[in-house]
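Peer 1: To get the numbering used here, take the position in the sequence shown, counting from 1, and add 149. Mind having a look at this structure? Questions to follow.
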Amino acid sequence: PPNPLQSFTPKKHQMFSPASQELHTLTNAYLHAYCETYPHVAVWLGFHEYDGRLPNLSRRAQEARRADLHRFLSDLERIDPADLDERAWLDYQVMRHEALFEVFALTEWRKLERDPIPYLEMLDVGNYILRAYAPLEVRARALLAHLRGVPAILSCLRENLTRPMRPAVGVAARIGKGLIAFLQDDLPGALAGLEDGALQAELDAAIQDAVQEVEAAVSWLENDLASRATDDFALGAERFARMLVLSEGVNLPLERLREVAEADLARHKEAFLETAARLGGPGRDPNEVIAEGKRRHPAPEDLISEVRRLVDDLRRTVIARGIVSVPYDENCIVAETPPFLRYAFAMMYSSGPFETVAREAYYYVTPPEPDWPPEKVEEWMTAFTYHSLWSTCVHEAWPGHYLHGLHTRNAPSAVTKAFGSYAFTEGWAHYCEQMMWETVCPDDLWARLGQLSEALLRDVRFVCALGLHTAGMTVEEATRRFGEDAFMEPATAEEEAIRGTYDPQYLNYTLGKLMMLKLREDVRAREGDRFDLRAFHDRVLSYGAPPIPVLRRLIWGANEEDVV
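What follows is the structure in structure tokens.
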């Protein structure tokens, strides 16, 4: 579809125009329909009237959703965006990209026919037990309804997966096993304070039923679906390009993106080896320093306490130096990742932007499993070297995802609170890694090595997303790129390569960062001595997380295709 950014400029002084009022009505209807379709997302957003509900993933429901989206887009196209004030124009852009990408996911990507992972992820019950937004009995009843909805989700899993991708099947089975362990081992303890005996008995039965359902689904994934799965995971060049236009508003030729990815990778790899050489001193092989760095990590039992120390230190630094405003003086809770979420080394589990009572955010860190052999434990811990941990905590907590989430509560509308761009969300956090090193510790060579290590990981994701989905790259070839160019150990390199098969959007970490950097440097050049980093960051975060070309139009003002 044509990019509307090329045809008009938002009007700053046309508040409450008929077009803006019409869009406001359409916005409310769209958000309501979205929550009805994806009630598990609505619960996370903070709309607890949807508690206990799970989505209808049947083919008939998906067809109905497609029809609704087409009607919505038709209604949206009748509004002339040139008649909108700035806030309405932003809502228009965010909703349009959101709806177009959902249509793409349903009709072209057809993810629910190919990938079992989303089905298992929808069964997450964390919001009901981690946050005391209501009395335990109220949350327990919502949890009971949720557990009783598990069979329908897993029935749709079996019905819909007609073209399964082999790499995703294995990951989904691991997630399912983690969910089983959580339901059996952790969930009963979380309900220990429940005083209603009858409700407790119902929950006990529902938990056992859910465990049996998930066990059956895991068995089906491993013993039935795996034998029918294929390595046909690639979107193809045309669909990949459409994915970027529709989701992120990025309309660049794939060859240009490949050039950008490889150039950024080469630049960072050269800087990484140079930094390692400086750390090692004259005559020492940089690879020895890299190997030494991989051994510089906390003991597994000290990992959580070390991350807590780093997060506290970063919080104080961000506030003391005024790097970006802190709208709420809160902190995040560092904790060990629950079993059902252990497909990531570290992740932020934030509260939703509409949550009003329990706003705890959890920064989850995943230590090695206690039954792993020593060599596997050591390999896993190379992801938590002291120099890389600093960048990881910047990315996940301060001033990355966690602080961004605090700002999102103050986004200008319900739409900009509810919906966010992948490239903005991950691009901001990844941009913060470089920005914080530049601002806080530019002379710390180990910090620089850690920052560059994270940059190389995201650069190889950029390269491999394009390779896997548009150029015939195999998982084995992608694994080699992660090992050779990001200096990753074989097991973690393979995990990253496999992720690229079912998450083609993971190029957005680097793509979003590069767009952020270009915007910052363009604004700095225009403002000269008047440029203020904190003011720039505050303005960037004031809009929520729109596609970055939309953000660029609001801050920079020019129509540009080459946003990197």
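Virtual Cβ for every residue (Gly too), placed ideally from N, Cα, C. If you're wondering where the values come from, they're calculated on a predicted model, not measured in any experiment.
Taking 7 Å as the cut-off, is the beta-carbon of ALA507 closer than that to any non-hydrogen atom of the ligand PLP?
Peer 2: Annotation note on the ligand PLP: not contained in the displayed structure, which lists no ligands.
Peer 1: Bridge partners for CYS314 per DSSP, in chain order?
Peer 2: Residue identity differs from the one stated: residue 314 is Met in this sequence, not Cys. Its beta-bridge partners are THR379.
Peer 1: As a quick exercise: from LEU555, ARG405, TRP547 and GLU257, pick the residue whose alpha carbon is nearest that of VAL460.
Peer 2: Among LEU555, ARG405, TRP547 and GLU257, the Cα nearest to that of VAL460 is on TRP547.
Peer 1: For PHE631 versus ALA646, is the C-beta spacing smaller than 8 Å?
Peer 2: Yes. Within cutoff.
Peer 1: Taking all protein chains shown into account, decide if GLY599 is buried (16 or more other Cβ within 10 angstroms of its Cβ) or exposed.
Peer 2: Label assigned to GLY599: buried.
Peer 1: Among the candidates VAL399, TYR511, ASP264 and ALA178, whose CA atom is the shortest distance from the CA of LEU279?
Peer 2: Comparing Cα-Cα distances from LEU279 to each of VAL399, TYR511, ASP264 and ALA178, the minimum goes to TYR511.
Peer 1: Should ALA210 go down as buried or exposed, given a rule of 16 or more other Cβ atoms within 10 Å for buried?
Peer 2: So ALA210 ends up on the exposed side.
Peer 1: Out of LYS525, TRP586 and TRP529, which one is the CA nearest neighbour of LEU452?
Peer 2: Out of LYS525, TRP586 and TRP529, TRP529 has the C-alpha closest to the C-alpha of LEU452.
Peer 1: From GLY319, PRO653, ARG597 and GLU226, pick the residue whose C-alpha is nearest to that of THR541; which is it?
Peer 2: Among GLY319, PRO653, ARG597 and GLU226, the Cα nearest to that of THR541 is on ARG597.
Peer 1: Buried or exposed: TRP521, going by 16 or more other Cβ atoms within 10 Å of its Cβ?
Peer 2: It is exposed - the Cβ of TRP521 has fewer than 16 other Cβ atoms within 10 Å.
Peer 1: Who are the near neighbours of ARG214 in its chain, counting only those whose CB is closer than 6 Å to its CB and skipping five residues on each side?
Peer 2: Correct list, in chain order: THR186.
Peer 1: What's the C-alpha gap between VAL506 and TYR282?
Peer 2: Between VAL506 and TYR282, the C-alpha separation is close to 5 Å.
Peer 1: Pull up the DSSP beta-bridge partners for GLU485, would you.
Peer 2: Per DSSP, VAL514.
Peer 1: Could you check where the beta strand (DSSP E) with TYR655 kicks off and where it finishes?
Peer 2: No beta strand (DSSP E) contains TYR655, which DSSP labels as neither H nor E.
Peer 1: Look at the alpha carbon of GLY649 and the alpha carbon of GLU411, and state the distance between them as a whole number of angstroms.
Peer 2: Roughly 17 Å separates the two Cα atoms.
Peer 1: For HIS162, which residues in the same chain have their Cβ closer than 8 Å to its Cβ, ignoring the five residues on either side in sequence?
Peer 2: Because the pLDDT at HIS162 is just 46, under 50, the model does not fix this residue reliably, and the value given afterwards should be weighed accordingly. Excluding residues within five positions, the ones whose Cβ falls inside 8 Å are ASP234.
Peer 1: Going by DSSP in three states, ASN152 sits in which element: helix, strand or coil?
Peer 2: Caution applies to ASN152, whose pLDDT of 44 falls short of 50 and renders its modelled position unreliable; the model cannot decide the point.
Peer 1: Along the chain, which unbroken stretches of the beta strand (DSSP E) at least 3 residues long are found entirely within the stretch 586-614?
Peer 2: Whole beta strand (DSSP E) segments, 3+ residues: zero.
Peer 1: Express the C-alpha separation of VAL473 and HIS92 in angstroms, rounding to a whole number.
Peer 2: Here the chain has residues from 150 to 713 only, and residue 92 is not among them.
Peer 1: Taking the alpha helix (DSSP H) that ALA294 falls in, what are its first and last residues?
Peer 2: From DSSP, the alpha helix (DSSP H) with ALA294 extends over 285-297.
Peer 1: Could you compute how far the alpha carbon of ALA484 sits from the alpha carbon of ASN276?
Peer 2: Their Cα atoms are separated by approximately 15 Å.
Peer 1: Considering only the alpha carbon of each residue, which of PRO300, TYR651 and ALA231 lies closest to SER207?
Peer 2: The shortest C-alpha separation from SER207 is found at PRO300.
Peer 1: With H, G and I counted as helix, E and B as strand and the rest as coil, what does DSSP make of TYR477?
Peer 2: Correct three-state label for TYR477: coil.
Peer 1: Name the DSSP beta bridge partners of ALA495, please?
Peer 2: For ALA495, which the question treats as bridged, DSSP gives the partners VAL514.
Peer 1: Who are the near neighbours of ARG558 in its chain, counting only those whose CB is closer than 6 Å to its CB and skipping five residues on each side?
Peer 2: Within the same chain, ARG558 has close Cβ partners PRO502.
Peer 1: Where does ASP234 fall in DSSP's three states?
Peer 2: Three-state result, ASP234: strand.
Peer 1: Taking the alpha carbon of TYR241 as the point to measure from, which residue in PHE253, GLU251 and LEU225 has its own alpha carbon closest?
Peer 2: Nearest option by C-alpha distance: LEU225.
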